[in-house]
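Trainee: Taken in order, the sequence shown gives residues 56 to 216; the numbers are from my numbering. Would you mind keeping the following structure in view while I ask a few things?
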Amino acid sequence: MSSVLDAKAYSEYLSGLYDTNVTLGSALYEYDSPRAFNGDGYSISIYELPANIRSRFESADERLLTEFPKRPSYRDRWNSQHWREAPFDTKFEKYLDFALSRYDEDRTGLSSQFQAIREALSRKRTYYAFFTYDHGDHPGNIDLFIVDLEGGRLYSINHNT
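What follows is the structure, encoded as structure tokens:
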């Protein structure tokens, strides 16, 4: 029974991110670092862009851009940045740098993924949103979501320190 509840909660979480029902296939690329006791670590998942998310973002409206993503309750102390179209706003550069940093990026194949993400975020038809929790004046936690319409990719990154 708990797996059914977990699946329902995950489905609601995804709907709250993208303002549409979402079914993700198998990841095209996935990396999860080991997590420390307090949750420190790094995770990235890259999926082929589902048709319903593509459709929702190709007709992005005021509702999507001002009300989504919905921050889950376990992130209640985090800040939210709603969906916006790239190019990536330079005022958020420290968050992008933090999201795309991992000490073992060359050994794990992350560097080529980071390059593709930066390229996607440099052009129109890419949307991004994120939740952050800072440690003083610098990022310490981020959930970054990217919808790349041109490249047909969906990115999800979580980085905690």
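We put the CB at the ideal spot given by N, CA and C, even for glycine.
Does DSSP put residue 178 in a helix, in a strand, or in coil?
Mentor: Of the three classes helix, strand and coil, the one that applies to residue 178 here is coil, per DSSP.
Trainee: At 3 residues or longer, and completely inside the segment 82–127: list those beta strand (DSSP E) runs for me, N to C.
Mentor: If we require 3 residues or more, the beta strand (DSSP E) runs fully inside the segment 82–127 come out as 84–87, 96–103.
Trainee: Following the continuous alpha helix (DSSP H) through residue 79, name the residue where it begins and the one where it ends.
Mentor: Run containing residue 79: none; DSSP gives neither H nor E here.
Trainee: At which residues does the alpha helix (DSSP H) containing residue 148 begin and terminate?
Mentor: Element bounds for residue 148: 148–154.
Trainee: Is residue 203 buried or exposed, if buried means 16 or more other CB atoms sit within 10 Å of its CB?
Mentor: Residue 203 is buried by the Cβ-count criterion.
Trainee: Out of curiosity, what's the CA-to-CA distance linking residue 207 and residue 197?
Mentor: Rounded to the nearest angstrom, the two C-alpha atoms are 23 Å apart.
Trainee: Just to confirm before moving on: does the CB-CB distance between residue 154 and residue 214 stay below 8 Å?
Mentor: In contact: residue 154 and residue 214 (Cβ atoms closer than 8 Å).
Trainee: Roughly how many angstroms separate the alpha carbons of residue 72 and residue 126, rounded to a whole number?
Mentor: Each residue's alpha carbon lies about 8 Å from the other.
Trainee: Taking the CB atoms as reference points, tell me whether residue 83 and residue 101 lie closer together than 8 Å.
Mentor: Yes, they are a contact pair.
Trainee: Going along the chain, which residues of its own chain have a beta-carbon closer than 7 Å to the beta-carbon of residue 76, five neighbours each way excluded?
Mentor: Taken in chain order, the residues that qualify are 70, 107.
Trainee: When the Cα atoms are used, what is the spatial distance from residue 180 to residue 201?
Mentor: About 11 Å.
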